[in-house]
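Asker: Numbering (my numbering), first residue to last: 25 to 778.
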Ligand code: GLN
Ligand code: ZN
């Protein structure tokens with residue numbers, strides 16, 4: 025049995041690529057120096073794969089920003105406005121990725137979107153009627169040659185035409201199909217060039233095949249590849265899928281003359297069934313995605329071996345990862361604070377290579393490698409953590425009633441109106457205020473033990489007092505404390521909850537040079553102490569206006585953590601929901617009358633197939649949110665906030681969260697959300713963001729007024745709140761103050777006219 029991986033993390037063991045790229049952006053190093061870093065990293069990563077005996081080593085999975093963008097650039101999908109800048113190829117590339125402002129001109133970046141069901145983001149290729157899709161670069165061939173010079177035979181990888189053209193946006197009349205012919209020529213030219221270099225295999229990624237596809241689309245795929253594969257000559261083509269199963273195109277896939285087909289046995293719930301039911305052609309290699317490329321838990325060898333056994337009848341298989349290892353951290357080697365009894369249970373990218381090697385060896389000779397197997401078996405037999413029996417019982421005892429808040433929304437709205445006595449179009453913010461250098465320093469010093477807890481708290485209280493005074497001065501209606509104690513909205517809660525683990529260097533690329541370090545859910549999650557009460561209570565003591573308590577919701581906490589694999593996501597989410605519920609009730613008991621429970625990442629784990637949305641996800645995720653607030657008094661107003669994604673298609677489910685008020689990120693999407701709200705007669709009060717906080721630009725009073733008027737064309741005035749579209753933590757103080765002043769003035773103007 026041969027072994028393979030789909031792709032490897034490119035940012036480097038210690039995020040070397042990130043730092044080098046950022047230095048290049050700041051003009052501290054030259055383009056050549058950046059290229060050198062890239063070259064060194066590629067070499068190091070290939071060598072790691074060689075050392076672990078991986079047979080199929082990818083090249084072309086490296087990228088200075090994003091591989092979808094690489095493919096787009098390679099195929100000339102570069103809109104005119106970027107070409108007109110007449111920059112060097114590397115500069116043009118970064119202009120597409122991040123925008124450009126300088127002597128050559130002023131262009132914004134391409135749009136960025138979430139890559140399927142991951143927290144990685146890709147650049148969306150932009151195509152218009154003038155676009156000429158053709159092979160214009162040689163990067164893929166060049167990196168293949170680069171590896172060859174090092175004595176390493178690689179398998180280049182590229183995003184396939186079906187997915188590429190499906191993910192692109194179209195500015196003109198033409199659509200994906202209009203570019204198929206050009207794509208066939210371009211890819212076949214690439215085949216020729218690779219063959220010339222004695223390349224044996226090319227991996228073509230087609231993750232779009234795991235989406236819901238219409239019969240029409242499956243047919244398009246077939247037609248496209250029939251033509252394309254006729255051109256492949258001696259080159260072996262592996263079509264690689266991941267993030268799910270290919271139930272809508274399985275037959276087409278096995279009928280086409282591919283040399284290898286990569287299927288995902290981890291996330292593809294129906295993959296095994298498809299192979300068993302319809303068979304797998306003997307003349308093709310099955311690249312079996314068995315080692316989880318997305319999660320960080322050690323592989324259960326017995327399970328993998330059993331699966332391999334089942335696949336024997338399918339002919340020759342290649343042991344593969346389920347997706348690119350891009351989605352897991354680099355190595356466990358640098359985690360010095362977690363003991364081996366903990367790290368033994370994990371496998372990051374480098375350790376996954378060893379797992380592949382081990383599973384292969386054991387599969388070849390169980391007796392010779394018995395010790396390896398025994399060790400793995402005992403790992404899974406171990407009692408990893410002490411189960412929280414009480415919590416399990418509590419979850420067991422939950423009834424329908426626990427997920428329903430009473431009285432119903434309309435009745436609560438009337439009660440809260442009397443109690444809170446807010447003006448129409450109440451103004452508020454989403455929670456965080458600018459995280460200045462001093463704010464960050466204060467946290468860092470405390471973490472390092474350079475200041476006492478009393479000093480740390482005193483500083484935060486001072487910031488809170490300033491923040492409250494400012495909000496009072498400009499006349500906001502519902503105030504916040506500013507979140508100066510929080511690094512980010514998940515880590516802060518993870519650190520205060522039992523059951524969480526934190527890593528030091530376990531970074532995962534989110535987009536470009538941005539990496540995130542998700543905490544790990546290790547055991548049962550519970551709350552032993554209040555997490556936010558003291559700061560909220562303090563802030564409330566400074567003002568007569570309502571102070572909004574700020575929490576992160578259970579679904580978002582789960583979605584931005586590495587989840588457990590030994591219990592269901594639903595179970596983990598319910599544990600988190602009960603912990604946050606305790607916090608909600610504590611805030612309420614301490615005089616906080618408005619509590620916001622953020623669900624910024626609600627959509628993150630929404631299944632890729634719409635038919636699975638409810639049964640696999642929303643049917644427990646939405647109730648989990650309701651569980652958090654179902655026990656509060658009718659007078660307590662529950663807010664929630666969402667951003668970074670499209671909501672229109674799950675708008676009913678969002679209404680079913682049964683919050684009293686919801687704020688949305690909306691200003692960048694041109695308020696299209698409003699039509700969706702209107703269409704379903706959305707019940708919850710709404711604060712569609714009235715200005716974009718991702719830009720330092722200060723919105724004018726008239727602009728905000730106009731936006732509010734636009735909102736009021738679609739929504740009844742008694743349901744509308746006025747707020748920015750997300751937290752302000754990444755903004756500077758001056759622009760924030762100016763923007764909020766204008767926001768309040770605009771709301772007052774509109775009120776005056778009603
Ligand atoms: N309350 C959080 C903040 O204001 C919300 C952040 C978010 O939505 N991403 O920072
Ligand atoms: Zn937000």
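Glycine included, C-beta positions come from ideal geometry on N, C-alpha and C.
Is the region 264-276 close to the region 227-243, with three or more CB pairs under 8 Å?
Answerer: Yes, they touch.
Asker: Along the alpha helix (DSSP H) that carries residue 610, what are the first and last residues, could you check?
Answerer: Start and end: 593-613.
Asker: How would the residue list near the ligand ZN read, in chain order, if you kept each one whose beta-carbon is closer than 6 Å to any heavy atom?
Answerer: Residues flagged by the Cβ proximity filter: 454, 624, 665, 667, 689, 750, 751.
Asker: By a C-beta neighbour count over all protein chains shown, 10 Å radius and 16 as the cutoff for buried, is residue 264 buried or exposed?
Answerer: The residue in question, residue 264, is buried, as its Cβ has 16 or more Cβ neighbours within 10 Å.
Asker: For the region 222-297, list the alpha helix (DSSP H) runs that are entirely contained and at least 4 residues long, ordered along the chain.
Answerer: DSSP runs (the alpha helix (DSSP H)) wholly in the region 222-297: 239-253, 274-279.
Asker: Take residue 213 as the anchor and find which of 195, 157, 188 has the nearest alpha-carbon.
Answerer: It is 157.
Asker: Just to confirm the assignment, what range does the alpha helix (DSSP H) spanning residue 183 have?
Answerer: No alpha helix (DSSP H) contains residue 183, which is instead part of the beta strand (DSSP E) from 178-183.
Asker: In terms of residues, what are the limits of the beta strand (DSSP E) holding residue 370?
Answerer: That residue, residue 370, is in no beta strand (DSSP E); it is neither H nor E in DSSP.
Asker: State yes or no: is the C-beta of residue 622 nearer than 6 Å to some heavy atom of the ligand GLN?
Answerer: Yes.
Asker: Are residue 729 and residue 770 closer than 7 Å when you measure CB to CB?
Answerer: In contact: residue 729 and residue 770 (Cβ atoms closer than 7 Å).
Asker: Would the beta-carbon of residue 513 be found less than 6 Å away from any heavy atom of the ligand GLN?
Answerer: True, at least one ligand heavy atom lies under 6 Å from that Cβ.
Asker: Measuring from the CB of residue 753, is there a heavy atom of the ligand GLN at a distance below 6 Å?
Answerer: Yes; taking the cut-off as 6 Å, the Cβ of residue 753 has a heavy atom of the ligand GLN nearer than that.
Asker: Roughly how many whole angstroms lie between the Cα atoms of residue 182 and residue 215?
Answerer: Between residue 182 and residue 215, the C-alpha separation is close to 11 Å.
Asker: How about residue 456: is its Cβ closer than 6 Å to a heavy atom in the ligand GLN?
Answerer: Under cutoff, so the answer is yes.
Asker: Which whole-angstrom value is the C-beta distance of residue 312 and residue 341, which I expect to be below 8 Å?
Answerer: With 8 Å as the limit, residue 312 and residue 341 qualify as a contact, their Cβ atoms being about 5 Å apart.
Asker: For residue 417, which of 81, 493, 273, 602 has the nearest alpha-carbon?
Answerer: If we check each option's Cα against that of residue 417, 602 comes out closest.
Asker: Residue 242: which of 251, 669, 256, 273 sits nearest, CA to CA?
Answerer: Looking at the Cα atoms, 273 is the closest of the given residues.
Asker: Just curious, the alpha helix (DSSP H) that residue 74 is in, first and last residue?
Answerer: Element bounds for residue 74: 55-75.
Asker: Can you list, in chain order, the residues of its chain with a C-beta nearer than 8 Å to that of residue 250? Leave out the 5 residues immediately preceding and following it.
Answerer: Once the five neighbours on either side are set aside, the close Cβ partners of residue 250 are 280.
Asker: For the 8 Å Cβ check, are there 3 or more pairs between the region 389-397 and the region 95-111?
Answerer: Contact between the region 389-397 and the region 95-111 is absent, because fewer than three Cβ pairs lie under 8 Å.
Asker: Which whole-angstrom value is the C-beta distance of residue 453 and residue 120, which I expect to be below 8 Å?
Answerer: With a Cβ gap of about 33 Å, residue 453 and residue 120 do not count as contacting.
Asker: Can you give me the Cβ contacts of residue 153 inside the same chain, cut-off strictly under 8 Å, excluding the 5 residues immediately before and after it?
Answerer: Hits under 8 Å: 195, 196, 197, 198.
Asker: Looking at residue 612 and residue 656, is the spacing between their C-beta atoms short of 7 Å?
Answerer: Taking 7 Å as the Cβ cut-off, residue 656 and residue 612 qualify as a contacting pair.
Asker: For the beta strand (DSSP E) that contains residue 688, what are its first and last residues?
Answerer: Segment 685-688, the beta strand (DSSP E) holding residue 688.
Asker: Using beta-carbon positions only, say whether residue 551 and residue 575 come within less than 7 Å of one another.
Answerer: No.
Asker: Thinking C-beta only, is residue 597 closer than 7 Å to residue 582?
Answerer: Yes, the Cβ-Cβ distance between residue 582 and residue 597 is below 7 Å.
Asker: Taking the alpha-carbon positions, what's the residue 108 to residue 536 distance?
Answerer: Rounded to the nearest angstrom, the two C-alpha atoms are 23 Å apart.
Asker: Is residue 672 helix, strand or coil when you go by DSSP?
Answerer: DSSP places residue 672 in helix when its eight states are reduced to three.
Asker: Quick check on the burial criterion: 16 or more other C-beta atoms within 10 angstroms. Buried or exposed for residue 430?
Answerer: It counts as exposed.
Asker: Who pairs with residue 312 in a beta bridge, going by DSSP?
Answerer: For residue 312, which the question treats as bridged, DSSP gives the partners 287, 343.
Asker: Which residue's Cα is closest to the Cα of residue 450: 372, 570, 370?
Answerer: Closest option to residue 450, Cα to Cα, is 570.
Asker: Is residue 219 close to chain C? Criterion is C-beta to C-beta, closer than 7 Å.
Answerer: In the displayed structure, chain C is absent; only one protein chain is listed.
Asker: Return the residue from the list 187, 130, 178 that minimises the CA-CA distance to residue 139.
Answerer: Residue 187 is the option with its Cα nearest to residue 139.
Asker: Would you mind stating whether residue 355 and residue 317 have Cβ atoms separated by less than 7 Å?
Answerer: Contact flag unset, no.
Asker: Between which residues of its own chain and residue 650 is the CB-CB distance below 6 Å, once the five residues before and five after are set aside?
Answerer: Within the same chain, residue 650 has close Cβ partners 427, 682.
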